Amino acid sequence: MKTNIICFGEMLWDVLPTGKQPGGAPMNVAVHLKNLGHNPQMISRIGHDELGKKLLDFLKEKGLTTSLIQQSETHLTGVVKANVSDKNEVTYKIVQPVAWDYIQCDEALETTVANAEVFVYGSLAARSAASADTLFRLLKKARFKVFDVNLRAPHYAQNTLEQLLRAADMVKMNANELDMLAAWYAPNDDEQSAIITLAETFDIQTICITKGEHGAVLWTGGEFYQSAGFQVDVQDTIGSGDSFLAALLTCLLEGQSPADSVQFACAMGSLVATYRGATPLVTASEIHSFLTPQIQ
């Protein structure tokens, strides 16, 4: 079942000790959605430079259309310096300003978003006034809005986050991001109470918290669903959370149960962590094969 999904935000190069790799959370999500059988499109902006050309080539190789990706004559393609000294907790130095800080909006883009079934966005692209303005205009047109929180200090502000949360139908974040938001809105709550407080405060239908090797918790329909993590040989965790979101969305859109959906997503994130890089090809059949002995 192909679903028309729009992913909005940064596409860039992760610069690692071993070399550079295509990255950016929204682009990673789009690639994994494509691998899982959907019809995603990426809205972003790159420089009119060699790095930008290579990103376009990368997306084409992955089978994604590049028609919604803008090119800038005045700003360079984004670059992030990734520190992978702790393979379970990668840290990033994100260059600013770059091309994806200046994503432009027009009526054609608004129409494209209005016609899509799902709109996925993060917080990083809202760090600049230009891309934030475009994002908020598109959120007004989007049908089902999925917020992948993705906090990278110092590239966020509380008032902007609040607007992004209020716009969302579904939110995915990691445990550290939940702790940060809970400190603002639910300082004395335990994990489950903090999730409910956030859902009620911002009128969010579905919230998912990823916990790395400890699995994930999904709150939807007023109920909690949990999956344990899976023991795998971790190469790096770049892209694991992005692949998790792609897998979770896939299952929920197919009408699978929340419990099965979050378990499938955890398996996807675990398998991606066994590869180097953010977007290895992991198929649904590979995930099912991985899960079968785990369930027995």
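Numbering (our numbering) for the sequence shown: 13 to 308.
Note that beta-carbon positions come from the ideal geometry of N, C-alpha and C, so glycine has one too.
These numbers were taken from a predicted model, which means no experiment stands behind them.
Check	Outcome
DSSP three-state assignment for leucine 293, whether helix, strand or coil	coil
Rounded C-alpha distance that separates arginine 139 from leucine 163	10 Å
C-beta atoms of asparagine 40 and threonine 209 nearer than 8 Å	no
Glycine 134 and glycine 21 closer than 8 Å at C-beta	yes
Where methionine 54 sits in the DSSP three-state scheme	strand
Coarse secondary structure for proline 199, derived from DSSP in three states	coil
Between the CA atoms of glutamate 266 and aspartate 248 - distance to the nearest angstrom	29 Å
For isoleucine 81: DSSP bridge partner residues	Ser56
Cβ neighbour criterion (16 or more within 10 Å) applied to histidine 50	buried
Cβ neighbours of valine 92 in the same chain (closer than 6 Å, five flanking residues each side left out)	Leu24, Asp26, Tyr104, Ile106
The stretch 234-248 in contact with the stretch 276-291 per 3-pair CB rule at 8 Å	yes
Beta-carbon proximity of isoleucine 17 to glutamate 129, cut-off 8 Å	yes
Those residues which DSSP pairs with phenylalanine 70 across a bridge	Partner(s): none; phenylalanine 70 has no beta bridge.
Candidates Asn186, Thr146, Ile250, Gln306: closest to glutamate 119 by CA position	Thr146
Residue from Gly35, Pro34, Leu45 with nearest C-alpha to lysine 14	Leu45
Beta-carbon separation (whole angstroms), threonine 218 vs aspartate 181, contact threshold 8 Å	7 Å
Sufficient close CB pairs (3 or more, under 8 Å) joining the stretch 72-90 to the stretch 155-174	no
Cysteine 117 to asparagine 186 span [Cα, whole Å]	30 Å
Bridge-paired residues (DSSP) for serine 239	Ala228
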